[in-house]
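Here the structure is laid out as structure tokens; the discussion comes afterwards.
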Amino acid sequence: MHVPRAAARVPSLAPGLACAALALLAACGPAAPRAPRSVLLITLDTTRADVLSGDAPSRVLAPRIAALADTGVRFPRAYTVAPLTLPAHASILTGLVPPRHGVRDNHHGALPESAHTLAEVLSEKGFECAAFVSALVLDHGFDLDQGFALYDQPQLAERVVGEAYAERLAHDTARSAAAWLEGRSASRPFFLWTHFYDAHLPYAPSAEHLLRATGNAYRGEVAGLDDAVGVLLDALERSGLAQETLIVLTADHGESLGEHGEPTHGALCYEATMRVPFVLHFPGAPPLPGAARIASLVDLYPTLLARLGLPVPAGLDGIDLFAPDAPADRGVYFESYSGYFNYGWSPLAGWLDGRGKYLHSSQPEFYSSLQDPAERTDLA
Numbered sequence: 001m002h003v004p005r006a007a008a009r010v011p012s013l014a015p016g017l018a019c020a021a022l023a024l025l026a027a028c029g030p031a032a033p034r035a036p037r038s039v040l041l042i043t044l045d046t047t048r049a050d051v052l053s054g055d056a057p058s059r060v061l062a063p064r065i066a067a068l069a070d071t072g073v074r075f076p077r078a079y080t081v082a083p084l085t086l087p088a089h090a091s092i093l094t095g096l097v098p099p100r101h102g103v104r105d106n107h108h109g110a111l112p113e114s115a116h117t118l119a120e121v122l123s124e125k126g127f128e129c130a131a132f133v134s135a136l137v138l139d140h141g142f143d144l145d146q147g148f149a150l151y152d153q154p155q156l157a158e159r160v161v162g163e164a165y166a167e168r169l170a171h172d173t174a175r176s177a178a179a180w181l182e183g184r185s186a187s188r189p190f191f192l193w194t195h196f197y198d199a200h201l202p203y204a205p206s207a208e209h210l211l212r213a214t215g216n217a218y219r220g221e222v223a224g225l226d227d228a229v230g231v232l233l234d235a236l237e238r239s240g241l242a243q244e245t246l247i248v249l250t251a252d253h254g255e256s257l258g259e260h261g262e263p264t265h266g267a268l269c270y271e272a273t274m275r276v277p278f279v280l281h282f283p284g285a286p287p288l289p290g291a292a293r294i295a296s297l298v299d300l301y302p303t304l305l306a307r308l309g310l311p312v313p314a315g316l317d318g319i320d321l322f323a324p325d326a327p328a329d330r331g332v333y334f335e336s337y338s339g340y341f342n343y344g345w346s347p348l349a350g351w352l353d354g355r356g357k358y359l360h361s362s363q364p365e366f367y368s369s370l371q372d373p374a375e376r377t378d379l380a
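Counting from 1, one number per residue, gives the positions in the sequence shown under the numbering used here.
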């Protein structure tokens, strides 16, 4: 903890006076944020940032997530590293961009054993680490289970249904994760990662969720995600863990829904698939927010370690978003190699900062992100 300069003379006082002076300084100064003991990471698959923006429709659609963001820190300019589930989660768990961890597409290779994942770091520090994932695109065979004592996933009996990955409903995943939360010993801190897949095609929300979404099937799936998030939050409260847990809610990528001619996601890198919801909810007062800066999924690794009071390894691509020296004008890297691997297209990579978004391929593009959020005017 940083001690104010005025306290430097205190040690020369008598011991009793020194203690009283330090107590007075602590009482009069700003309260330091309470360090969380545990972490709950929630990743929503295929969830657009604008669907959870905090506006009136999103509050009706997803009230539990809206309430979480209201009392947390929301980063409105947060981006994935790739519009694909496996590479994006590999970056969350390593703090590295895809060219460095090596996972460039959903079914082309696995995370190397040399990777030092967030779960491995926390496990080494005594955390109990568990993951509950909802689709076989994150099957343990892709080695994202490194460091997790429990890696719970759908059954392998049928890997693919039609053209979609086999999945389980978010509500079922949430109930399994909640049972783990309530059944574990409270003597150890925990890192719990839960992944919900419902918003991915095919969209098949329940009648209740479809009604909440005024008939929009995609948004209806997001309503279902909100209820699943509520199951986890309620379990935290019942277990008495809410006051010691840092909750992170984000998405691996968004969904195009036909924008720029892309029906879903994976091949292109426009805002609809690249910008993601990004919320951190602290058990006490949050740190001073740096929410105006651009954030990336690679930032979760160093940000979480720093908030837990643990050393941040050197050589990461992400930054601690709350560090006093975090650059306000930083830029972020992203890519999609799905077109390259699957269709023989040019590789697509890009860079986004305060000046705009550059897309590098055989046909470069440049957009002014703030003046042209729909990316309709190519300035290249």
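Think of the CB as a built atom: it goes at the ideal place given N, C-alpha and C, for glycine as much as any other residue.
Give every residue of the same chain whose Cβ lies closer than 7 angstroms to the Cβ of ARG376, excluding the five residues on either side of it in the sequence, and list them in chain order. So the list is empty, once near-sequence residues are dropped.
Same chain only: Cβ atoms within 6 angstroms of ARG184, ignoring 5 sequence neighbours per side: Excluding positions up to five away in sequence, the list is empty.
Exercise for review: Measure from the alpha carbon of LEU122 to the alpha carbon of each residue in VAL81, GLY240 and ARG37, then state which is nearest.
Suggested key: ARG37
With DSSP run on the structure shown, which of helix, strand or coil describes GLY350? strand
- Query: DSSP state of LEU359, grouped into three classes?
  - Reply: Three-state result, LEU359: strand.
query: Do the CB positions of PHE148 and ALA170 come within less than 8 angstroms of each other?
result: The criterion of a C-beta distance shorter than 8 angstroms is not satisfied by PHE148 and ALA170.
Review point. Any idea if LEU246 is buried or exposed, counting beta-carbon neighbours within 10 angstroms, 16 or more meaning buried?
Key: buried
| query | Candidates MET274, ALA285 and GLY331: which alpha carbon is nearest THR47's? | reply | MET274
- For VAL161, which of helix, strand or coil comes out of DSSP? A caution first: VAL161 carries a pLDDT of 49, below 50, which makes its placement in the model unreliable, though a value can still be read off. In this structure, VAL161 counts as strand in the three-state DSSP scheme.
### Query
With 16 as the cutoff for other CB atoms within 10 Å, does PRO124 come out buried or exposed?
In the sequence under discussion, the amino acid at residue 124 is Glu, which differs from the Pro named in the question. Looking at its Cβ environment, which holds fewer than 16 other Cβ atoms inside 10 Å, GLU124 is exposed.
- What is the DSSP secondary structure of ILE42, counted as helix, strand or coil? strand
According to DSSP, ASP152 sits in a beta bridge with which residue or residues?
PHE132
Q: Quick one: using the 10 Å Cβ neighbour count with 16 as the cut-off for buried, is SER114 buried or exposed?
A: exposed
Who are the Cβ neighbours of SER176 in its own chain at under 7 angstroms, not counting the five residues just before and after it?
-> Non-local C-beta neighbours of SER176 in its own chain, meaning closer than 7 angstroms and more than five positions away in sequence, comprise PHE132 and ASP152, ordered along the chain.
In the DSSP assignment, find the unbroken beta strand (DSSP E) run with ILE92 in it and report its ends. Run containing ILE92: none in the beta strand (DSSP E); it sits in the alpha helix (DSSP H), 85-94.
- Between which two residues does the beta strand (DSSP E) containing HIS195 stretch? 190-196
- Query: Who pairs with THR250 in a beta bridge, going by DSSP?
  - Reply: THR43 and PHE278
Could you check how far apart the C-beta atoms of ASP252 and HIS116 are, in whole angstroms? I think they sit under 8 angstroms.
Not quite, the Cβ-Cβ distance comes to about 21 angstroms (not below 8 angstroms), so this is no contact.
Q) In chain order, which continuous runs of the beta strand (DSSP E) of length 3 or greater are located wholly inside the region 269-341? A) Within the region 269-341, the complete beta strand (DSSP E) runs of at least 3 residues fall at 278-281 and 332-336.
Range covered by the beta strand (DSSP E) that runs through TYR218
Per DSSP, TYR218 lies in no beta strand (DSSP E); the unbroken alpha helix (DSSP H) holding it starts and ends at 217-238.
Can you name the start and end residues of the beta strand (DSSP E) that GLU365 belongs to?
365-367
According to DSSP, is VAL73 part of a helix, a strand, or is it coil? strand
Subject >> Residue span of the alpha helix (DSSP H) that contains ARG175, given as start and end >> reply: Per DSSP, ARG175 is one residue of the alpha helix (DSSP H) stretching across 170-183.
**Asked** Should ALA235 and GLU182 be called a contact, given that it needs their Cβ atoms to be closer than 8 angstroms?
**Response** yes
Within the present structure, is the beta-carbon of PRO287 separated from the nearest heavy atom of the ligand NAD by less than 7 angstroms? The ligand NAD is absent from the structure shown, which contains no ligands of any kind.
- Message: Taking the alpha helix (DSSP H) that LEU118 belongs to, which residues open and close that run?
- Response: 118-124
Report task. Would you identify the three-state DSSP class for ALA26, choosing helix, strand or coil? Result -> Reliability fails at ALA26, whose pLDDT of 37 lies under 50, so the model's placement of it is uncertain and the value that follows must be treated cautiously. In this structure, ALA26 counts as helix in the three-state DSSP scheme.
Hey, how far is the Cα of HIS360 from the Cα of GLY350?
-> 6 angstroms
TODO: With distances taken Cα to Cα, identify the nearest neighbour of ALA69 among SER336, GLN371 and LEU249.
DONE: LEU249
Exercise for the section: Report back the beta-carbon spacing between GLU221 and ALA199 to the nearest angstrom; my notes put them in contact at under 8 angstroms. Expected result: 4 angstroms
- Item | 8 angstroms Cβ cutoff met for VAL312 and PHE191 | no
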